[in-house]
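When we follow our numbering, the leftmost residue of the sequence shown carries the number 7, and every step to the right adds one.
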Amino acid sequence: MPLSPFNSNPGQQPVYQVGLTEILLLLFALGLFITTKIYHVDFTLADAIYTRFKWHYQKAFITEQLLHRYSRFLVILIYLGLLYKLATRFLAGNDPKGVYHLFILLLAIALSVIIVAVLKQFFEVDCPWDLLRYGGSKPYFSLFNYDPKHMPSAHCFPASHAGVGFSWMALFFYCKVTAKPLSSKIRPFMVLVLVILVGVVFGVAQQFRGAHFISHDVASFIVCLITTICVYSLAYRQKKSA
């Protein structure tokens, strides 16, 4: 009988331990987020992008269609493809460990996206294009000081689109626990770099549209990284001896 993918540690699964790479990434991201707030980097970058009283790339094909709409569809298709692969492996019943690894990968990706979306509804934060400073109709409020009379907010923090990209950092964790690369030419660390780059590109595209500040993207990165660390720490934890 095949092992269920819902088992916490089927067979002789490897044990995940938070590595130096994850720690350094998290510390860097936290430092960057704090820096953006202390030195008002959000406004510095947005001021440079918002010129002549206009977000020039708000409706541009490359930012609105290619890097926002179509890229999201592509990511969804890839995820659905992996779900199909999970289902076929599970029904075949001959690779329980592979099923478990793939299930945890998909779970980490999904939870990262969901948690970012939930946090967006919790925080009352407007998008740059909503603000008076950038042609909108609302004053700016810091993260926890939103004025109720301007409710509801646009709920723009953290950045969901960047989070869609950053959620795939789970691929690095997948490679780490399975001790194998995705291919002979793509090593685990390269996977991590490429995925982070995708998230950054998604985030920058939205910044150029006026949809997000850089701190929104950094926050999404932090959420996705912490979520994935938690998922893998629980899914591949050390079993206590009896």
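Cβ coordinates follow ideal geometry from the N, Cα and C atoms, glycine included.
Positions of the alpha helix (DSSP H) runs, each at least 4 residues long and wholly inside the stretch 147-230, are given as 166-172, 176-184 and 194-215 in order along the chain. When only Cα atoms are considered, threonine 50 and tyrosine 56 end up about 10 Å apart. With fewer than 16 neighbouring CB atoms inside 10 Å of its own CB, leucine 138 falls in the exposed class. DSSP, reduced to helix, strand and coil, places lysine 65 outside both helices and strands of the structure shown, so it counts as coil. Straight across, the Cα-Cα distance linking glutamine 71 with serine 166 is about 16 Å. For lysine 126, the three-state secondary structure derived from DSSP is helix. Taking a contact to require three or more Cβ pairs closer than 8 Å, the stretch 89-103 and the stretch 197-214 do not qualify as touching.
In the DSSP assignment, tyrosine 85 falls within the alpha helix (DSSP H) that extends over 77-98.
Residue pairing by DSSP places lysine 144 opposite Leu137 in a beta bridge. With fewer than 16 other Cβ atoms from the protein chains shown falling within 10 Å of its own Cβ, arginine 58 counts as exposed.
The shortest CA-to-CA distance from serine 226 to any of Cys236, Phe172, Gln213 and Leu240 is the one to Phe172.
Annotation: lysine 245 is outside any alpha helix (DSSP H) and is labelled neither H nor E by DSSP.
Each residue's CA atom was taken as its position, placing leucine 112 and histidine 46 some 36 Å apart. Taking the C-beta atoms as reference points, tyrosine 63 is found nearer than 7 Å to phenylalanine 214. Under the 8 Å Cβ criterion, the stretch 109-128 does not count as touching the stretch 139-156, having fewer than three qualifying pairs. Residue nearest to lysine 60 within the set Arg78, Pro134, Tyr90 and Ala123 is Pro134 (criterion: CA-CA distance). Rounded to the nearest whole angstrom, the CA to CA distance from aspartate 153 to lysine 126 is 17 Å. Ranked by Cα distance from leucine 177, the options Ala168, Ile115 and Asp132 are led by Ile115.
Within the same chain, Ile110, Leu113, Ala114 and Leu117 come within 7 Å of valine 237 by CB-CB distance, once the 5 residues on both sides are set aside.
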